[in-house]
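Following: one structure in structure tokens, then a few remarks.
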Amino acid sequence: MNTENMIALLIAAPLLGAVVLLCGGRRLDRTGHWIGTLLAAASFVVGVVLFTDMLGRDAEDRTLSQHLFSWIPVEGFQADVAFQLDQLSMTFVLLITGVGTLIHLYSVGYMEHDERRRRFFGFLNLFLAAMLLLVLADNYLLLYVGWEGVGLASYLLIGFWQHKPSAATAAKKAFLVNRVGDMGLSIAILLMFTTFGTFAFGPVLSASAAGDTSEGKLTAIGLMLLLAACGKSAQVPLQSWLGDAMEGPTPVSALIHAATMVTAGVYLITRSGAIFNAAPDAQLAVVVVGAVTLLFGAIVGCAKDDIKKALAGSTMSQIGYMILATGLGPIGYVFAIMHLVTHGFFKAGLFLGAGSVMHGMNDEVDMRKYGGLRKYMPVTFATFGLGYLAIIGFPGLSGFWSKDKIIEAAFAQGGTEGWILGAVTLLGAALTAYYMTRVMLMTFFGEKRWQPDAEGNAPHPHESPKSMTIPMIVLAFGSVFAGGLFSLNESFAGWLEPVTAFEHGHPPISAGVIMTATITVMVLGIGLAYVQYGRRPVPVTAPRGSLLTRAARRDLLQDDLNHVVLVRGGEHLTRSLVYVDHTLVDGVVNGTAASVGGLSGRLRKLQNGFARSYAVSMFGGAAVLIAATLLMRAV
Amino acid sequence: MSFPLLTATAALPAIGAIATAAVPAARRTAAKWLALLVSLGTLGLAAAVLVRFEPGGDRYQLTESHAWIADFGVRYELGADGIGVALIGLTALLIPFIILAGWHDADPLETKSSRWRPTQGFFALILMVEVMVILSFAATDVFLFYIVFEAMLIPMYFLIGGFGDRAHAGSDENAATQRSYAAVKFLLYNLVGGLIMLAAVIGLYVVAGGFSLPEIAEARASGELTMATNTERLLFLGFFFAFAVKAPLWPLHTWLPNAMGESTAPVAVLITAVVDKVGTFAMLRFCLGLFPEASAWATPVVLTLALVSIVYGALLAVGQRDIKRLIAYASISHFGFIILGIFAMTSQGQSGATLYMVNHGLSTAALMLVAGFLISRRGSRLIADYGGVQKVAPVLAGTFLVGGLATLSLPGLAPFVSEFLVLVGTFARYPVAGIIATFGIVLAALYTLVLYQRTMTGPVKQEVSKMPDLRVRELAVVAPLIAALIFLGVYPKPVTDIVNPAVEHTMSDVQKTDPEPEVEAAK
Amino acid sequence: MNPVNYLYLAAVLFAIGASGVLIRRNAIVVFMCVELMLNACNLSLVAFSRMHGNLDGQILAFFTMVVAAAEVVVGLAIIVTLFRSRHSASVDDASLMKL
Amino acid sequence: MSASAVHSLWTTAAEPVSRIDAPHIEYGQLSPILIVVGAGVLGILVEAFVARRARYHVQLFLSVVALAAAFAAVVGLAVTGHGSTKAGIVAMGAIAVDGPALFLQGTILLAGLVSLFTFAERRLDPVAHGKQVDSFVAQAGAPPGSKSEQAAVKAGFTTTEVFPLALFAVAGMLVFPAANDLLTLFIALEVFSLPLYLLCALARRKRLVSQEAAVKYFLLGAFSSAFLLFGIALLYGYAGTLSYAGIAEVVDGTVTSIDPALADTMGNDALLLIGAAMVLMGLLFKVGAVPFHMWTPDVYQGAPTPVTGFMAAATKVAAFGALLRLLYVVLPGLSWDWRPVLWGVAIITMLLGAIVAITQTDIKRLLAYSSIAHGGFILAGVIAMNEAGISSVLFYLLAYSFVTIGAFSVVTLVRDAGGEATHLSKWAGLGRRSPLVAAVFAVFLLAFAGIPLTSGFAGKFAVFKAAAEGGAGALVVVGVISSAIAAFFYIRVIVLMFFSEPRPEGPTVAVPSPLTMTTIGVGVAVTLVLGVAPQYFLDLANQASVFVR
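Chains as they are written, first to last, in numbering that gives the first Met the number 0: chain A, 0 to 634; chain B, 0 to 522; chain C, 0 to 98; chain D, 0 to 548.
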């Protein structure tokens, strides 16, 4: 069959799964999870087939497209349901379906005892479908559909344990913050429509590359896209939801809030590269956001005792790297995506590891209550360790390759900007090394600090079942080798170049120096962490800590700010508005009614029952009548 | 003279209403089935209308014209354009679900005197409303429209005041007063609007000497009929006021929350999903059709009010404690969008607005009816009385969520298409307005999700722990609506095909063309 | 004598009658005041009739007298019943209905 | 008897009179009036000579036949074109037989007929001493609660005089709108007023109130007719004639021969203006226009409800007919003077009627105030000063009179121990106890409120349309506002009937005889027919919208 028509299959498989599982009812409870996993795998298989087919073609005609039907045909407005599969999309497809399948598999074990498991897999499939739609759409509006679709899926999955109020709140928060970002995306689309009369990738990008329109317009569009990216990818100032999102089941955190969905922002900016290239101001904004988040996430990650929140902070920070890279333009896109993929592997691995640990520790998440677990769960330790080495950029592992390139590119920006960015990225690397080492030490080394949980039964850490360990192992492989593979004579860059364009950056200092610098800061970070957490015992209850630490534990107070400004303010606003609506808007009407009533009451007093007063009124009336008639003649 | 299809579509429920009312008191169930069958028959006729209607054909099709009150220059003139057809379809589609959802709402609590037949009355009144609504969508004679526009109020009034929501806060006495307050408020607001419109209708007669919309529009276009600027503006205001009350547009909206809050869920749906559409529809057909210049003149103000409605309605929805009032304010916000789309004077905006009328009908119906089922189980409208429903009644919660997602116009569901079209249409001509409107998107998410979180999630409240999940009848109501929402979200083409030509006609009425994109990118 | 004076007299009588209606309480007296007003009308009618030299006014005056007589019949009947049921002919006492 | 005729007698009286040439009377065209008057006279004879047992039936038969025959006569005249082509002045200038006259006479006769049925209703009041009784006092002379009254009740007396009285009233009303000179106008006024005064006093229950109503009505009526008469005198003084045509000529200044006396009065517009104003006032009193309305609530409340219905409907018709003729035939030349004044009157009438009605607690008073408001609406049509104005007023009167009679006859049905339960609080939950009656009353209320598909709407639309065409747009706006206010209290009653729980000690709804059923039935039928398909009647009104001069 013609490969182009297979694109729809990618989405159809998981979508089918979602429909079947969510509408299927109880009778699927016992088989549902396997159906979901199989369909995810099927999607992956299709992806592989398409991939091999794509490799078979030569670079220029690797872009496939499939037009399903015309979606919203309105005068002067054309929105189609059509897909475009190029190298960029392909990369994502493989990442999403691959990691997705693994995590489905992992969840089979992880969610074994949850009576709502069928629905969980339904949601996971729904997510896959939406995410694939996001990366396969050939126009921004359809992308927007996927964009909100993944938002919905993440909402459903974060809040999966809805009986926990915290989970429900976190889910709502995630959706709302994302909506703010979506507002940006929709405004961007509106701008595109008024500027280009369309929002299909092809014409929009070509037109903006050709400079058909003013830079101001493009800057506006770019900034709006950036806002969208901030929402989805948890970048400052819309990052606050990611930490809470850890309320969701761990596989969800791994798939959605580490590997795939949160990277959608990177995809969006890379995809819209042509626009950003033509709008330097927007690019600058992107870089700034990336840099800020990079540090922000790292600092938060250093302070958290909750293993998942620590990892969440690291995710933020890593995505900060990617966003920063995309902000660098053609010298950055490729590495952004590359880091995205490697990060997908090792961060997913880390999360699964964390999940495995929690699995063994009665869902305890506080690292201060771990310790010395390496003996008890060797596989988890091994895979987690590899992921750890990868993320801190241990030479030779995936993270090393991708991150180092980004640091180079940052320096290559040139001028003070270049130095600043370089410094920031280096600092980020150091922090990464620090907080990841901290996690590692607190979890797997040191003496046991286990505490009995609420029900009072002490934890009996044990290795997780195969269905969980296998995915971890696979991902571990990915986190070890992917980076190196991609960097072999820049195979990855070559692969993406036709889509994103690629040019070599020329840093002011040689690549070797930068590499050594990277490694040194990494070592420093590890050392510091070791001194703090390796050498002396870790207190079970967190010490008060420095001001910065306390702030970092509270996400640098950014959440509190939101709370005060938005939530409190909003509540006051709505309350006062309700009051206004009742007293003012309604009051005016009721007031008129009341006043008419009062007038009536007073007037009816005139009808006092005395015939003579009636006669008076008649007499007066007659007088007035006569007077008026005469007056009319007079004037 | 071909078969008068439109008249038949309106006549069938009329006959059905009389028949239903005539069913003896004891045979309550028979009356219900009769009403349901009639409404389904009407749906069939409406489908026939949709089939017979050729999108490419004349502006008004299936026209009928008979002499009626020559002395007032009034004729019985019916004719459907794309917009009217779409809305007739919506009405005919929703009524059966409303009837089915209200199946037990009018069962007498205790057996009153044998002559008191609330059930028969309830369903007969619903059918009467259907008659009036269908006629108002089909009337091309201004006077005829006015008559049904007003006559509609009476059955509505009795539905609101006579069959209040049994789940209310406080004592029966209190509820009765609340209810009749709501009913009277509804009637007076709309009656005042209607009377002011009456003045304008008379004025129109004095100016134009007749009431046939096509003829007047024709005469205006050809320049035979010219209106003094001020006259036209006054007349426009007279008409617009009535429609703005009906729609409702801020600050004339306060009757809606009361009416929807106090009436049963199906009736609330009838109000917001069906009856109020007449207001927005009439803006599109009469305000723009009869008074193009004045419409253009009023546009800035109208847009402002629409924006206020959008934001204000959403904010108030956030602040509500009562599920149904919350939905009511949400509707106010949505009507803001519709009016925005109409007066943006772009084809995307107006197609979007028309589509919005249909989609909002479906989405509110879904949300409100499920909410009704929820309320009927717990006997309370207060959000605070719920919690953790999702655990005991997952299907109910799921459908409720889908309804909510439709209300916050999630892509993939029908309302998104229309809302986005409205935004595009507005933004193209009034960027600032477009951007302000997009805030509505965020707020919509806020009130919907807050509602869902407070009622459905969290630990299970003791009162709801025994709550049964949706029954077959209820599922039969909700499932088709959700299906429709998804279908029209993925494939709205069937509706847009019908609507587009009509919108182009309207655009030519107001002599506007869409703003051209800055760059003519290679399509 | 200038016929206009008759008119003035008529006007004065009419005013007196009217003020009587407004002032007096006793229904009978009030009614008599009305009669006075009617007679004022008669006077003016006759005066005008003379001025114009045609009889229409005088004819109308005759009719008025008849009408007045008829009114007396009806009026007295009503007032008497009222008096018999209330033992008072004051118009102010008859104020059950008000507001 | 016209003036010129008498004048000739006066001048020629010197010679010996060989023969008196009898006045020429067109009995055919006068037949409606004559039939009714004749029936009235017969009715008196019946009272005198027929045994008490039989009187009721004889009277009822006689009056029904009379009214029906009169109506037939009117129809006959109309179809033979006396309304349009053959319209003319008859009875030597005393009476005009033209479109408006015939239309209004027809309306009055029909209204009289249906309300006569309610006069004759004998099933509502509980049987007293084995005899069915109607809503009229057993013996008007007997003081309330006195021995004589009980005796009269025991003897089963009934006041069958009401039938001839009603007939006389109808006769007067027939003449009133047709009167073509001021003399006839005045006489007609008195002829229909005097019987009404009496009828008001004849309630069987609540007699004190009834008598009070009669006294008030009588005194104020007499007072106003005095004004009317003085106005007539002044007009006569101004124009030297009583005939409409003659006065009109003088007003327009198109008079043929000006003798010196006429010359110096003609110059004196004060006479004209004051006279016109006072005549207007006399008519506005009958119409119940503010500020001459104050009798209306009390009289409507106190009078026996059948009488109230009859009065409210027929009097308004007759009075507005006379007003129309006066303004359109006599004073068109003066319209610049009286139109602004009537504007004011119409506006305050509409508003005050509607506003004060809001706080009423007695259903009959409520309807009284609503009738005041409606008087204002009709005035708006009168002011239009165009043919549409005339026809719309005619149509409105037709529509309104039947709604009114219907509404009041429903009021007669709702009763408790004390007779009719007219206090609004007693009507609570009526819709639950007897849905049909409540529904019928709701129809009438909606018609009053002017909801589409009822006659009230058609009428209101016609009137406002005429007013707008006549350049009185402002009036239309005020009318719209006041109808909005009015809607409020009509709706209040509906709410009361349908949405509030019935009182345990609430009133019962008596099952009436076919008579009242007919009245109500006709009322509903006319209300709906005129609402849904008014065209035929509008055509009638249009054809009838030309006055002869």
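For each residue, glycine too, the CB sits at the ideal point set by N, CA and C.
>> Cutting at 7 Å between CB atoms, please list the residues of its own chain near B/E149, excluding the five before and the five after it.
In response: Within the second sequence, residue 149 of chain B is the residue found at index 150, counting from 1. Result list for B/E149: G193, in chain order.
> In chain order, what residues of the same chain lie with their CB nearer than 6 Å to the CB of B/D513, ignoring the 5 residues before and after it?
Replying inline: Working through the second sequence from its first residue, we reach residue 513 of chain B at position 514. Correct list, in chain order: T345, S346.
> Which same chain residues, not among the five before or five after B/A168, have their C-beta less than 6 Å away from its C-beta?
Replying inline: One-based indexing of the second sequence puts residue 168 of chain B at position 169. Residue placement at B/A168 is flagged as unreliable, the pLDDT there being 46, under the threshold of 50; the coordinate-derived value follows with that caveat. Within the same chain, B/A168 has no close Cβ partners at all.
> Of the residues D/E419, D/I357, D/K130, D/D415, which one's Cα is nearest the Cα of D/E504?
Replying inline: The sequence position of residue 504 of chain D within the fourth sequence is 505, counting from 1. Nearest C-alpha to D/E504: D/D415.
> Among the residues of its own chain, which have a CB less than 8 Å from the CB of D/V249, if the five just before and after it don't count?
Replying inline: The residue labelled residue 249 of chain D in the question sits at position 250 within the fourth sequence. So the qualifying residues of the chain are Y237, A238, G239, T240, L261, M265.
> Going along chain D, which residues have a C-beta under 8 Å from A/G596?
Replying inline: Reading the first sequence from its first residue, position 597 is the one you call residue 596 of chain A. Near A/G596 (Cβ distances below 8 Å), the residues of chain D are I357, T358.
>> I'd like the span of the beta strand (DSSP E) that includes B/V73, first residue to last.
In response: If you number the second sequence from 1, residue 73 of chain B lands on position 74. Element bounds for B/V73: 73-79.
>> Can you list, in chain order, the residues of its chain with a C-beta nearer than 6 Å to that of B/W67? Leave out the 5 residues immediately preceding and following it.
In response: The residue you call residue 67 of chain B lines up with position 68 of the second sequence. Once the five neighbours on either side are set aside, the close Cβ partners of B/W67 are V73, R74, Y75.
>> Taking 8 Å as the threshold (beta carbon to beta carbon), is C/V90 in contact with chain A?
In response: Counting from 1 along the third sequence, the entry for residue 90 of chain C is found at position 91. Cβ-Cβ to chain A under 8 Å: yes for C/V90.
>> In chain order, what are the residue ranges of uninterrupted beta strand (DSSP E) at least 3 long that sit wholly in the region 387-428 of chain D?
In response: Counting only runs of 3 or more, we get 413-415.
> Whose Cβ in chain C lies nearer than 8 Å to the Cβ of D/I186?
Replying inline: Along the fourth sequence, one-based indexing puts residue 186 of chain D at 187. Listed along the chain, the chain C residues whose CB falls inside 8 Å of the CB of D/I186 are F62, V66.
> Got a sec? Which residues, its chain only, sit under 6 Å from D/E148 by beta carbon, not counting five neighbours each side?
Replying inline: Locating residue 148 of chain D in the fourth sequence gives position 149, counting from the first residue. Once the five neighbours on either side are set aside, the close Cβ partners of D/E148 are A141.
> Three or more C-beta pairs closer than 8 Å, one from the region 323-337 of chain A and one from the region 379-392 of chain A: is that the case here?
Replying inline: The region 323-337 of chain A vs the region 379-392 of chain A: no contact.
>> Can you look up C/N25 in the DSSP assignment and give me helix, strand or coil?
In response: The sequence position of residue 25 of chain C within the third sequence is 26, counting from 1. Correct three-state label for C/N25: strand.
> Nearest chain C C-beta to D/K215 closer than 8 Å, yes or no?
Replying inline: Here the question's residue 215 of chain D lines up with position 216 in the fourth sequence. Interface with chain C (8 Å Cβ-Cβ cutoff): D/K215 is included.
> Nearest to D/L539 by alpha carbon, out of D/L103, D/F60, D/A466?
Replying inline: In the fourth sequence, counting from the first residue as 1, residue 539 of chain D sits at position 540. Of the listed residues, the one whose Cα sits closest to D/L539 is D/L103.
> Got a sec, what are the start and stop residues for the alpha helix (DSSP H) A/G511 sits in?
Replying inline: Counted from its first residue, the first sequence places residue 511 of chain A at position 512. Following the DSSP letters along the chain, one finds A/G511 inside the alpha helix (DSSP H) bounded by residues 510-528.
> Does the region 278-296 of chain A touch the region 347-363 of chain A, meaning 3 or more C-beta pairs lie closer than 8 Å?
Replying inline: no
> Measuring CB to CB, does B/M367 end up less than 8 Å from B/A443?
Replying inline: Here residue 367 of chain B is taken as the residue at index 368 of the second sequence, counted from 1. Here residue 443 of chain B is taken as the residue at index 444 of the second sequence, counted from 1. No. Outside cutoff.
> Hey, out of B/L186, B/S64, B/A29, whose CA is closest to B/S211's CA?
Replying inline: Counting from 1 along the second sequence, the entry for residue 211 of chain B is found at position 212. Looking at the Cα atoms, B/S64 is the closest of the given residues.
> Whose Cβ in chain D lies nearer than 7 Å to the Cβ of A/T628?
Replying inline: Indexing the first sequence from 1 puts residue 628 of chain A at position 629. Contact note: A/T628 reaches chain D through L272, A275, A276, D336, W337, V340, using a C-beta cutoff of 7 Å and chain order.
>> Could you compute how far the alpha carbon of A/P13 sits from the alpha carbon of A/T519?
In response: Along the first sequence, one-based indexing puts residue 13 of chain A at 14. Along the first sequence, one-based indexing puts residue 519 of chain A at 520. Cα to Cα, the separation comes out at about 45 Å.
>> Below 7 Å on C-beta distance, what does A/A621 contact in chain D?
In response: One-based indexing of the first sequence puts residue 621 of chain A at position 622. Chain D residues near A/A621: F226, M277, M280.
> Can you name, in chain order, every residue of its own chain whose Cβ lies under 8 Å from the Cβ of D/P303, other than the five neighbours on each side?
Replying inline: Along the fourth sequence, one-based indexing puts residue 303 of chain D at 304. Once the five neighbours on either side are set aside, the close Cβ partners of D/P303 are S134, F135, L198, C199, L201, A202, R203, S209.
>> Using C-beta distances below 6 Å, list every residue in its chain close to B/A29, excluding the 5 sequence neighbours before and after it, in chain order.
In response: As a working note, residue 29 of chain B is residue 30 in the second sequence. These residues qualify, in order along the chain: V22.
> If we count Cβ pairs, one from each stretch, closer than 8 Å, do we get three or more for the region 361-374 of chain A versus the region 469-489 of chain A?
Replying inline: no
> How far does the alpha helix (DSSP H) with B/G160 in it reach, from first residue to last?
Replying inline: Counting from 1 along the second sequence, the entry for residue 160 of chain B is found at position 161. From DSSP, the alpha helix (DSSP H) with B/G160 extends over 152-161.
>> What does the Cβ neighbour count give for A/T582, buried or exposed, with the cut at 16 atoms within 10 Å?
In response: Translated into positions along the first sequence, residue 582 of chain A becomes position 583. A/T582 comes out exposed.
>> Pull the bridge partners of B/E63 from the DSSP assignment, please.
In response: Residue mapping note: residue 63 of chain B aligns to position 64 of the second sequence, counting from 1. BP columns for B/E63 point to B/L77.
> Okay, do the region 299-313 of chain B and the region 431-440 of chain B touch, 3+ Cβ pairs below 8 Å being the bar?
Replying inline: yes
>> To the nearest angstrom, how far is the alpha carbon of D/F226 from that of D/D361?
In response: Looking up residue 226 of chain D in the fourth sequence gives position 227. Looking up residue 361 of chain D in the fourth sequence gives position 362. Counting only the Cα atoms, D/D361 lies some 31 Å from D/F226.
> Can you list, in chain order, the residues of the region 311-334 of chain D whose Cβ is nearer than 8 Å to any Cβ on chain A?
Replying inline: For the region 311-334 of chain D, the set of positions with a beta-carbon nearer than 8 Å to some beta-carbon of chain A is empty.
>> Please tell me whether D/I382 and D/A345 are closer than 8 Å, where the distance is taken between their beta carbons.
In response: To locate residue 382 of chain D, count along the fourth sequence from 1; it is residue 383. To locate residue 345 of chain D, count along the fourth sequence from 1; it is residue 346. In this structure, D/A345 lies closer than 8 Å to D/I382 by Cβ.
> Do A/F174 and B/L448 have their CB atoms nearer than 8 Å?
Replying inline: On the first sequence, residue 174 of chain A is found 175 positions in, with the first residue counted as 1. On the second sequence, residue 448 of chain B is found 449 positions in, with the first residue counted as 1. Yes.
> Can you name the residues of chain A whose CB is closer than 8 Å to the CB of B/V268?
Replying inline: Looking up residue 268 of chain B in the second sequence gives position 269. None at all; the shortest Cβ gap to chain A is about 23 Å.
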